[in-house]
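Take the sequence shown: its letter number 125 is residue 125 in UniProt numbering, and every next letter is one higher.
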Amino acid sequence: MQVELRFASEFPARVSGGLVSFEPGARTVWHTHPLGQTLFVTRGLGLVQRWGGSVQEMRPGDVVWIPAGVKHWHGASHASAMSHLAIAEQLDGKTVDWLEPVADAVPAQVAAPGAIDALTAKQQAIAAVAAFAAMSDMPRLNAALNQGLDAGLSIGEAKEILVQLYAYVGFPKSLNALGELLKVTQGRQQRGIHDAAGREPVRPIPVGEELLAVGALNQARIAGGAVKNAVTDFAPLINQYLQAHLFGAIFERDNLDWASRELATVGALAATPGVEAQLRSHLRASLRVGLTAAQLRQLTQVLAERVDPAAAGRAEAALNQALAAATGG
């Protein structure tokens, strides 16, 4: 395995990236990243496996997101060398924790090509939960929360999703949805169901001017560049609130990965008529944080089948526009 550092940032930025090349059959040991990692496959056929999951193929053009703290390995298939760009952030000066070697017998079961582009049951539930919260449909939110918890969503992750929604659908809907989550968790406890509590954020949340600076950096990463337009020029305070509250205080919390946060945002915005511009923006952001076009297509199907055809229609139209803009079409 050969690593070539391609870029590194200076404080307050913490991101760095390198090109990692593997000979056929070479792989990393098991490891975790305190703030997650994004892999961009540039050549060859690769393999990636999360702890407890199946081995999945990676092909050129694939973008693979590894959430914070998730134990995994990646490397080349036995038939082909492989290279990928690896991007990660530092926490207390460290980007990775190396663990034990992978067993010599790599599991023979490899997910079918394209499986990496499928949303998990947990990811599907995140979008549905956010949509029903935005719609204030408490009976269906109750059912979606139960489905999400059954699919592996922790109580902490569910809280995080519903708290985040205050920035998109307002405090009243966020508070009502959190009240419904409380009812759901109490009911499940009474039925003897023990859901994972989830974890608190590891990364310290900055305050004051540092929070604003970190929020501006996060906003630029998600938006694809610094946000400056006629509205932010007219009312600069709104962008300060976005940077400090949303992209700072919320998105800096590392107990929910950005891909999950964008799935929740897209679900909520799709369920809200009249915010198509913001929906398009967050679909483009979803591609930047590691979700694929195929996964977002599947998201529109989830909305159509489980939520609301009108919401699915808005999401599909916005996705078509977002993909056309991304490809120059």
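Just so it is clear, CB atoms sit at the ideal spot from N, CA and C, and this is done for glycine as well.
All of these numbers come straight from a predicted model, not from anything done at the bench.
Between the region 157-168 and the region 244-257 there are three or more inter-stretch CB-CB distances shorter than 8 Å, so the stretches are counted as touching. Just measuring C-alpha positions, the residue of P101, L175, V20, L319 sitting nearest A134 is L175. For E4, the uninterrupted beta strand (DSSP E) run begins and ends at 2-8, by DSSP. For Q90, same chain residues with a beta-carbon under 6 Å away, outside a window of 5 residues either side, are R14 in chain order. Between T38 and V3, the C-beta gap is not smaller than 9 Å, which leaves the two residues out of contact. When C-alpha distances from L35 are compared across V266, E316, N255, the shortest belongs to N255. Counting only the Cα atoms, N239 lies some 10 Å from Q219.
DSSP assignment within the UniProt domain "Cupin type-2" (19-81) yields the following whole beta strand (DSSP E) runs of 3 residues or more, N-terminal first: 37-44, 46-50, 56-58, 63-66, 72-76. In the three-state DSSP reduction, I87 falls in the strand class (E or B). Annotated as distal: L269 and A322, with beta-carbon spacing of 9 Å or more.
If you draw a straight line from the Cα of A143 to the Cα of L279, it is about 25 Å long. When secondary structure is reduced to three states using DSSP, G17 falls in the strand class. Counting only runs that start and end inside the region 148-184, the alpha helix (DSSP H) elements of at least 4 residues fall at 155-164, 166-169. Between H72 and A235, the alpha-carbon positions lie close to 45 Å from each other. In this chain, the alpha helix (DSSP H) harbouring T265 covers 258-270. Under a 10 Å Cβ-count criterion, K173 is classified as buried, with 16 or more other Cβ atoms of the shown protein chains found around its own Cβ. Residues G17, G18, L19, L85 of the same chain have their beta carbon placed closer than 8 Å to that of R6, with the five preceding and five following residues left out of the count. When DSSP reads this structure, D97 sits in a beta bridge with T32. Per DSSP, reduced to three states, the secondary structure at F234 is helical. Straight-line measurement puts the Cα of S286 at about 24 Å from the Cα of W51.
The C-beta of H74 has 16 or more other C-beta atoms within 10 Å across all chains shown, which makes the residue buried. Considering only L217, A127, A226, A312, the residue with the shortest C-alpha distance to A259 is A127. Around the beta-carbon of V275, 16 or more other beta-carbon atoms lie within 10 Å, marking it buried.
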